[in-house]
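For the sequence shown, the positions run 3 to 95 when our numbering is used. Structure, as structure tokens:
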Amino acid sequence: MQHSFDAMTHTKVAAQKGNINTITDAGVAAHALMAAMEGAALNVRINLDNISDKSFINDAAKTVEKILSEGSKLKKEVLEIVEARMKELAESS
């Protein structure tokens, strides 16, 4: 999950500064990375049922929710940047 979140931060930079002709790739990456985080969260949640350490379970569940929440916000930011840059491109044509 964390690696996907980290990649999303790089995707935001790519959306902001990358080649305008590849801007939609940043949007696709944002969707794919969020799906990866959500998939990883499902795996963590199902596997927590097999762990008896309640403290670990609570910490892991909090971490999952934090990453999903922050990842969702970051995805939204990336998509807003993508939309804005696509609009700029359309207006300059």
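Beta carbons: idealized from backbone N, C-alpha and C, even for Gly. Fair warning: this is a prediction, and the values are worked out from it, not measured in the lab.
Residue i, DSSP secondary structure in three states
i   : result
N23 : helix
D8  : helix
I53 : coil
S71 : helix
M39 : helix
M3  : coil
N94 : Checking the sequence, you will find Ser at residue 94 rather than Asn. If DSSP states are grouped into helix, strand and coil, S94 belongs with the helices.
Rounded Cβ spacing between residue i and residue j (contact assumed at less than 8 angstroms)
i   : j   : result
M96 : M88 : The first residue shown for the chain is 3 and the last is 95, placing residue 96 beyond what the model contains.
V32 : V80 : It should be pointed out that residue 32 corresponds to Ala in this sequence rather than to Val. Contact holds; Cβ gap of about 4 angstroms.
L70 : A43 : 6 angstroms
Cutoff 8 angstroms; reference residue i; Cβ partners in own chain excluding five residues on either side
i   : result
S74 : M36
Cβ-based neighbour list, residue i, same chain, cut-off 6 angstroms, excluding 5 preceding and 5 following
i   : result
S6  : L35, A38 and M39
L76 : M10
Cα-Cα separation, residue i to residue j
i   : j   : result
G20 : A92 : 17 angstroms
TODO: Please determine if the stretch 44–51 and the stretch 14–22 are in contact, where contact requires at least 3 C-beta pairs separated by less than 8 angstroms.
DONE: no
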